[in-house]
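S.K.:
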Amino acid sequence: MMLHLNSARAASLAFPPPTTVLRPWLAFKSFSPRLPDFLPDSGPVHYYQEEVIHAAITGADLFFYWFSWDDYAYGTRALMSDHQVLSDVLHELDSVIGCASRQWVVDEDVMIAPHPASFYLSGVRVGPPHPAAATGTIWRFTPLLPVGHPGEDADHALSALREMAQAKGDDVVVSNVSHGGLPCGLRFRQSALVRVANASTAPYGVWISATGNATVSLECTGQPALPWPLQRGSMQN
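For the sequence shown, my numbering begins at 893 and goes up steadily by one.
1. When we look at the beta-carbon of H946 and count the other beta-carbons within 10 Å, is it buried (16 or more) or exposed?
2. Is it buried or exposed, M893, if we count other Cβ atoms within 10 angstroms and call 16 or more buried?
3. Give me, in chain order, the residues of the same chain whose beta-carbon lies closer than 6 Å to that of L1013; leave out the 5 immediate sequence neighbours on both sides.
4. Helix, strand or coil for Q995 per DSSP?
5. Is there contact here, the region 1047-1066 with the region 1095-1103, by at least three beta-carbon pairs under 8 Å?
6. Quick one: what's T1113 bridged to in DSSP?
7. Can you list, in chain order, the residues of its chain with a C-beta nearer than 7 Å to that of G951? Leave out the 5 residues immediately preceding and following it.
8. Return the residue from the list L1074, R1081, N1105 and R1087 that minimises the CA-CA distance to P1116.
9. Among L1036, S1101 and C1076, whose alpha-carbon lies nearest the alpha-carbon of R1087?
10. How is R1087 classed by DSSP in three states: helix, strand or coil?
11. Return yes when the Cβ of G1061 is within less than 7 Å of the Cβ of E1111, no when it is not.
12. Using the DSSP secondary-structure output, state which residues sit across from P1035 in a beta bridge.
13. Between H1071 and the rest of its own chain, which residues show a CB-CB distance below 7 Å, the 5 nearest in sequence each way excluded?
14. Secondary structure at N1105, three-state DSSP: helix, strand or coil?
15. DSSP three-state call for S960: helix, strand or coil?
16. Going by DSSP, what residues sit across from H1071 in a beta bridge?
17. What does DSSP give as the partner residue(s) for G1028 in the beta ladder?
18. Please state the DSSP three-state secondary structure of A952.
19. Can you list, in chain order, the residues of its chain with a C-beta nearer than 6 Å to that of P942? Leave out the 5 residues immediately preceding and following it.
20. Can you list, in chain order, the residues of its chain with a C-beta nearer than 6 Å to that of T1103? Leave out the 5 residues immediately preceding and following it.
21. Buried or exposed: where does D974 fall if 16 or more other Cβ atoms within 10 Å of its Cβ makes it buried?
22. Which of the three DSSP states, helix, strand or coil, is assigned to R901?
23. Apart from the five residues just before and just after E984, which ones in its own chain have a Cβ nearer than 7 Å to its Cβ?
24. Could you tell me the alpha carbon to alpha carbon distance between Y940 and V1018, rounded to whole angstroms?
25. Just checking my contact of W1142 with A919 at CB under 8 Å: how many whole Å lie between their CB atoms?
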């Protein structure tokens, strides 16, 4: 997941929109030859939905969906449930970030391997007309260390995420993450958790809505708080 998403981020950084148009190819969720050029690349787990969500936030305005209609590919045949999960994720994207007036929160700290964080965080600035907020930023937080074990039920994953991401007054605080080998937390100021119609559609991540120009900070043990997105190389010292 990180390799694909960071490649998309790198393309957007090198040639910002409208120069670069992100239109990824997606395979059906059950298709898992475990080859790096395919999606999903880690088997049919819930990170498939997270990859679609983060790609859309980064700027993808269209997806090319590949599946075998009446045959098998690498021993796997597309099921109606594969089509349904992608449809559900796209509907969730429509309801949370919408299509009008949205712009990726540029993140220049692209680290391909090894990635220094135990999570993936993408943000998109939205404006009217928008279903979730008049103006502000919508964030998607995804732990990269499995919230359960791949293949576990959605309820287990959602329960773990509820422990990690909690409202604290006017803020949302995400705990039990790491960055650069340090135990850390994320603080989203003037923010709220976004409730979706069916949380089990994409249970390995959580939506956070920040109002206006509210900030996000990474707070690690023994280090000063750093504004997110990090400046390139800000955690190297």
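Beta carbons: idealized from backbone N, C-alpha and C, even for Gly.
Bear in mind the structure is a predicted one, so any value in this text is a computation, not a measurement.
M.R.: Looking at the coordinates:
1. Position 54 of the sequence shown, counting from 1, holds the residue named residue 946. With 16 or more other CB atoms across the displayed protein chains lying within 10 angstroms of its CB, H946 is buried.
2. What you label residue 893 is simply residue 1 of the sequence shown in a count that begins at 1. Burial of M893 is indicated by the presence of at least 16 other C-beta atoms within 10 angstroms of its C-beta.
3. Along the sequence shown, one-based indexing puts residue 1013 at 121. Within the same chain, L1013 has close Cβ partners F1033.
4. Translated into the one-based positions of the sequence shown, residue 995 becomes position 103. Correct three-state label for Q995: strand.
5. Result yes; three or more Cβ-Cβ pairs closer than 8 Å.
6. For this step, residue 1113 is matched to residue 221 along the sequence shown. T1113 is not bridged to any residue.
7. Counting from one through the sequence shown, the residue named residue 951 turns up at place 59. Within the same chain, G951 has close Cβ partners S904, P909, L914 and W996.
8. Mapped onto the sequence shown, residue 1116 falls at position 224. When only C-alpha atoms are compared, the closest one is L1074.
9. Numbered from its first residue, the sequence shown carries residue 1087 at position 195. Minimum Cα distance to R1087 is reached at S1101.
10. One-based indexing of the sequence shown puts residue 1087 at position 195. R1087 falls in the coil class under three-state DSSP.
11. On the sequence shown, position 219 is the one that residue 1111 refers to. On the sequence shown, position 169 is the one that residue 1061 refers to. Contact: no.
12. On the sequence shown, position 143 is the one that residue 1035 refers to. Beta-bridge pairing links P1035 to F1011.
13. Position 179 of the sequence shown, counted from the first residue, corresponds to residue 1071. Result list for H1071: P1008, A1009, L1110, C1112 and M1127, in chain order.
14. Here the question's residue 1105 lines up with position 213 in the sequence shown. Annotated three-state conformation of N1105 is coil, per DSSP.
15. In the sequence shown, counting from the first residue as 1, residue 960 sits at position 68. Residue state for S960 is assigned as coil, using DSSP reduced to three classes.
16. Taking the sequence shown and counting its residues from 1, one reaches residue 1071 at position 179. According to DSSP, H1071 bridges with A1009 and L1074.
17. The sequence position of residue 1028 within the sequence shown is 136, counting from 1. Under DSSP, the beta-bridge partners assigned to G1028 are V1018 and T1103.
18. Here residue 952 corresponds to residue number 60 of the sequence shown, with the count starting at 1. Judged by DSSP in its simplified three-state form, A952 adopts coil rather than helix or strand.
19. Along the sequence shown, one-based indexing puts residue 942 at 50. Note that residue 942 is Glu in the sequence shown, not Pro. The beta carbon of E942 is closer than 6 Å to those of T1034, Y1096 and G1097 in its chain, skipping five residues each way along the sequence.
20. Walking along the sequence shown from the start, residue 1103 turns up at place 211. Result list for T1103: G1028 and Q1082, in chain order.
21. Counting from 1 along the sequence shown, the entry for residue 974 is found at position 82. By the 16-neighbour rule on beta-carbons within 10 angstroms, D974 is buried.
22. Start at 1 with the first residue of the sequence shown, and residue 901 comes out as number 9. R901 falls in the helix class under three-state DSSP.
23. The residue given as residue 984 occupies position 92 in the sequence shown. Once the five neighbours on either side are set aside, the close Cβ partners of E984 are V1088, T1093 and A1094.
24. For the purposes of this step, residue 940 is taken as residue 48 along the sequence shown, with counting starting at 1. For the purposes of this step, residue 1018 is taken as residue 126 along the sequence shown, with counting starting at 1. Computed Cα separation, rounded: 24 Å.
25. Only positions 893 to 1129 of the chain appear in the structure, and residue 1142 is not among them; the question remains open.
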